[in-house]
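Asker:
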Amino acid sequence: MSFRWVTEQTVDDRDTGLGQCFPTRADAEAWLTGSYEDLVDAGVTDVTLMEDDHVLYGPMSLLA
Numbered sequence: 001m002s003f004r005w006v007t008e009q010t011v012d013d014r015d016t017g018l019g020q021c022f023p024t025r026a027d028a029e030a031w032l033t034g035s036y037e038d039l040v041d042a043g044v045t046d047v048t049l050m051e052d053d054h055v056l057y058g059p060m061s062l063l064a
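The opening position of the sequence shown corresponds to residue 1 in UniProt numbering, with each subsequent residue numbered one higher.
What follows is the structure, given as structure tokens:
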């Protein structure tokens, strides 16, 4: 089982870190907490948390 954040927007995963796999949901959520501002700065407006190939939740807006 792996968890990853995705967006429907066109962004470079290498610049944002989106798409990387995490071993636990807690690890994925902690990464999002730490990367939130960088994602917004890169133009990401929403993300979805995937568990393997299934949507766990989202899309979730990153905008206030």
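Glycine included, every Cβ here is placed at the ideal spot set by N, Cα and C.
Contact defined as beta carbons within less than 8 Å: I believe Ser61 pairs with Thr45. What is the distance between those atoms, to the nearest angstrom?
Answerer: Yes, they are in contact, since the Cβ atoms of Ser61 and Thr45 sit about 7 Å apart, within 8 Å.
Asker: Could you pull the start and end residues of the beta strand (DSSP E) that Val6 belongs to?
Answerer: Where Val6 is concerned, the enclosing beta strand (DSSP E) stretches over Phe3 to Val6.
Asker: Below 8 Å on the Cβ atoms is my guess for Ser2 versus Phe22; work out the distance and round it to an integer in Å.
Answerer: Contact between Ser2 and Phe22 holds: their C-beta atoms lie close to 7 Å from each other, under 8 Å.
Asker: Which of the three DSSP states is assigned to Thr33 in this structure?
Answerer: helix
Asker: Once the 5 residues before and after Arg25 are set aside, which same chain residues still bring their CB inside 6 Å of it?
Answerer: Phe3
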